[in-house]
Ligand code: FES
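Residue numbers (the numbering used here), protein chains in the order written: chain A, 47 to 699; chain B, 56 to 196.
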């Protein structure tokens, strides 16, 4: 090994580090460490002058190893590796000591913080001696992309990538794309008809030569890595031949069996063979086995008799499709919160208590009431209360704000005022109208005569205290602005339910190896600076699966995710991690323990030599095999046993 | 002055190291006794690392990985967990108290949990007192 000449650079990070850690002491300490040629401090090491300081020293003092003690390597390791490389050193001859996140920010006592910083610097210095130059390898990026979820986020991302000329597989678990947005009546604050602005996008996604729609399908398995994912998709049997069906709809007309419509949230009905809504894309029905009498009792087949194209296929089986893609965008959306557990609000107990999504369908001209806002008995409500923050901003359910409810609540007020004579009460905690044109919409609604009552609703009840309250739902609570207890008798109650992570979010996270936050939504790579990437390279997130957001934000995030994918496609290659495992064939005893342990099947047994060998393209560098090898024949590059042992010694100074 | 234990912490790159970073970003305070060494996965932690730490003067060792099912490399954390009972047996034979070694899980979003584990571990080891190294005779790989 060449004689190590180490340079150590301790960052103040303004007062973030220097406010707690005695940087000067750390520098003096570092100067005395073995092989350290120079130790310096600087206000902001990551700044240009900071980086130049390192580069100059590498040139002038012939440094061959560099240690920077500053923030987390997850933040600036790439920055400094790059700087080191620019000065002619291999980027892996660098090590970082995390004295901000894991030291100055978590420690109150200045002396103890300084001690800890010294220990971390000593560990980095001891470790970096053993660093070896490593080379990264390039692998090509498959230009095809998988998008999971066919709501507005998935559709938007798919169109952007497809329009740029690249193949997209758009997988949707429901029979049609469209997501929640297609269920909405109008969008706030512009009051555009939701379906009118979405259906053109759905149709172009459906007919785009570069988009392969896979509806009624689910991803079952994902393997591989950025640039080269392998995905297994299950196309559930529709019992309708997609090639033959021309979407004429006769089957649905003739089917004698009905079931509650999922699309209308059970407020309307559909047939046992159905498309969820008239503008479905693709316009190909599915047979719902649970309600089809042929599947239940073995008789009927009416649809088959009337289908002129012979597209009905009761024998159809699920199909497994294997895809190869370079990048994946997850846009699986959200679930509406089920307010049944909040018993005091009376959902499922009082028929005229609706959820927000149910009300969307009620308002919609294509909905179960033809767009008439009516009570269950068909009469028009004379008064409506809209209760905000149901399941949001509530310790017992979700602590977060669902961000869209204030605005859709205002939209409802407008629609109710437009279509009925009813009085509208908004029972809110805070009005949050943060978006473009939102505050103005709020003002406009205040002028339309909507009554705003500030305070959390305690209860919805039908127990009347006065004649006036008889036969009504009474919304009880406190008006915190007036400081009085209130009872508002109304005919209809709408609950502004939270947006919550999908019930299968955990499985999706595990499938794609991404993480969930404490609230259950998927975590982005960085909350401020990288809101679309995930910790897994090549996997991006967009829309409400990352957190509640409105349509414009969803579209923006989806476009951003698409752009990230496109830039990877146009670059055409990705660098493979150099920190892989290698087996010393001299030492390998051929026990094959590592073969079984490797989660990526990256290790094969070479029969004639009786040794194991690592396929570097498949190895992800976890190091599990290294830890398990009884002959110590495997080296984990950049995490070698020597390096880690040196680090242990270092932290224990 | 009270005894300040030295604890070596192994954190995997994908969950627990990020959880530790998050504790800092959120300016949560925790005892400074645990010094973290980053490994790619908890499955990389060899039993000899833990023994080495004790040999070099550690009073405790903390190994933190992703929650079961969340390992970035599918199941490295299960493998780490499976090695533990054997190691603990060996430690017992060497006279190392059980509480000096802890394997646990911290996700990238659990800064608070990281702090709780670190503080708890520090107090336990503090109560045990300094680890007396009588490794001289005990030879290992
Ligand atoms: S990556 Fe965290 S335990 Fe494997």
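All C-beta atoms in this analysis are idealised placements derived from N, C-alpha and C, irrespective of residue type, glycine included.
Whether residue i touches residue j by CB criterion (9 angstroms)
i, j, result
"residue 261 of chain A", "residue 375 of chain A", "no"
"residue 140 of chain A", "residue 177 of chain A", "yes"
"residue 430 of chain A", "residue 543 of chain A", "no"
"residue 115 of chain B", "residue 174 of chain B", "no"
"residue 92 of chain B", "residue 674 of chain A", "no"
"residue 117 of chain B", "residue 167 of chain B", "no"
"residue 678 of chain A", "residue 631 of chain A", "no"
"residue 130 of chain B", "residue 645 of chain A", "yes"
"residue 421 of chain A", "residue 537 of chain A", "yes"
"residue 471 of chain A", "residue 521 of chain A", "yes"
"residue 72 of chain A", "residue 171 of chain A", "no"
"residue 373 of chain A", "residue 273 of chain A", "yes"
"residue 615 of chain A", "residue 189 of chain A", "yes"
"residue 202 of chain A", "residue 604 of chain A", "yes"
"residue 113 of chain B", "residue 186 of chain B", "yes"
"residue 591 of chain A", "residue 378 of chain A", "yes"
Inter-residue spacing [alpha-carbon to alpha-carbon] between residue i and residue j
i, j, result
"residue 194 of chain B", "residue 694 of chain A", "Caution applies to residue 194 of chain B, whose pLDDT of 49 falls short of 50 and renders its modelled position unreliable; the value that the coordinates give is listed next. Rounded to whole angstroms, residue 194 of chain B to residue 694 of chain A spans 19 angstroms at the Cα level."
"residue 320 of chain A", "residue 285 of chain A", "11 angstroms"
"residue 550 of chain A", "residue 97 of chain B", "26 angstroms"
"residue 620 of chain A", "residue 579 of chain A", "15 angstroms"
"residue 416 of chain A", "residue 342 of chain A", "32 angstroms"
"residue 196 of chain B", "residue 104 of chain B", "Low local confidence applies: a pLDDT of 43 at residue 196 of chain B is under 50, so the model's placement there is unreliable, and no value is given."
"residue 66 of chain B", "residue 64 of chain A", "25 angstroms"
"residue 458 of chain A", "residue 433 of chain A", "11 angstroms"
"residue 328 of chain A", "residue 637 of chain A", "54 angstroms"
"residue 362 of chain A", "residue 478 of chain A", "50 angstroms"
"residue 87 of chain A", "residue 651 of chain A", "50 angstroms"
"residue 401 of chain A", "residue 413 of chain A", "15 angstroms"
"residue 117 of chain A", "residue 152 of chain A", "12 angstroms"
"residue 88 of chain B", "residue 163 of chain A", "11 angstroms"
"residue 655 of chain A", "residue 634 of chain A", "10 angstroms"
"residue 669 of chain A", "residue 627 of chain A", "7 angstroms"
"residue 263 of chain A", "residue 198 of chain A", "17 angstroms"
"residue 90 of chain B", "residue 158 of chain A", "12 angstroms"
"residue 575 of chain A", "residue 172 of chain B", "29 angstroms"
"residue 475 of chain A", "residue 212 of chain A", "47 angstroms"
"residue 296 of chain A", "residue 464 of chain A", "36 angstroms"
"residue 442 of chain A", "residue 683 of chain A", "47 angstroms"
"residue 313 of chain A", "residue 178 of chain B", "58 angstroms"
"residue 183 of chain B", "residue 151 of chain B", "10 angstroms"
"residue 94 of chain A", "residue 658 of chain A", "46 angstroms"
"residue 346 of chain A", "residue 333 of chain A", "13 angstroms"
Chain B contact residues for residue i, given Cβ-Cβ distances below 7 angstroms
i, result
"residue 668 of chain A", "95, 96, 98, 99, 128, 131"
"residue 643 of chain A", "134"
"residue 559 of chain A", "127"
"residue 444 of chain A", "In chain order: nothing, as chain B lies at least about 15 angstroms away."
"residue 682 of chain A", "99"
"residue 166 of chain A", "90"
Contact set between residue i and chain A, taken where Cβ atoms lie within less than 8 angstroms
i, result
"residue 108 of chain B", "694, 698"
"residue 87 of chain B", "149, 152, 153, 155, 158, 159, 161, 162"
"residue 111 of chain B", "694, 695, 698"
"residue 83 of chain B", "152"
Chain A contact residues for residue i, given Cβ-Cβ distances below 9 angstroms
i, result
"residue 180 of chain B", "None at all; the shortest Cβ gap to chain A is about 14 angstroms."
"residue 75 of chain B", "118, 144, 147, 148, 152"
Cross-chain neighbours of residue i in chain B, by beta carbon under 8 angstroms
i, result
"residue 556 of chain A", "124, 125"
"residue 672 of chain A", "99, 101"
Under 9 angstroms from the C-beta of residue i: neighbouring residues of chain B
i, result
"residue 685 of chain A", "93, 94, 95, 99"
Interface partners of residue i on chain A, CB under 7 angstroms
i, result
"residue 61 of chain B", "698"
"residue 104 of chain B", "690, 694"
"residue 79 of chain B", "146, 147, 148, 151, 152"
Original post:
What residues in the segment 152-177 of chain B bring their beta carbon closer than 8 angstroms to a beta carbon of chain A?
Top reply: 162, 163, 164, 165, 170
Original post:
For the segment 563-581 of chain A, which residues have a CB atom closer than 7 angstroms to at least one CB atom of chain B, in sequence order?
Top reply: 563, 564, 569, 581
**OP:** Could you list the residues in the segment 110-139 of chain A with a C-beta less than 8 angstroms from some C-beta on chain B, going in chain order?
**Re:** 118, 119, 120
Original post:
Among all residues, which have a Cβ less than 7 angstroms from at least one non-hydrogen atom of the ligand FES, and in what chain order do they fall?
Top reply: A:668, B:67, B:68, B:69, B:70, B:71, B:95, B:96, B:97, B:98, B:120, B:121, B:126, B:127, B:128, B:131, B:132, B:135
Original post:
When Cβ atoms are compared, which residues of the segment 175-188 of chain A fall closer than 8 angstroms to chain B?
Top reply: none
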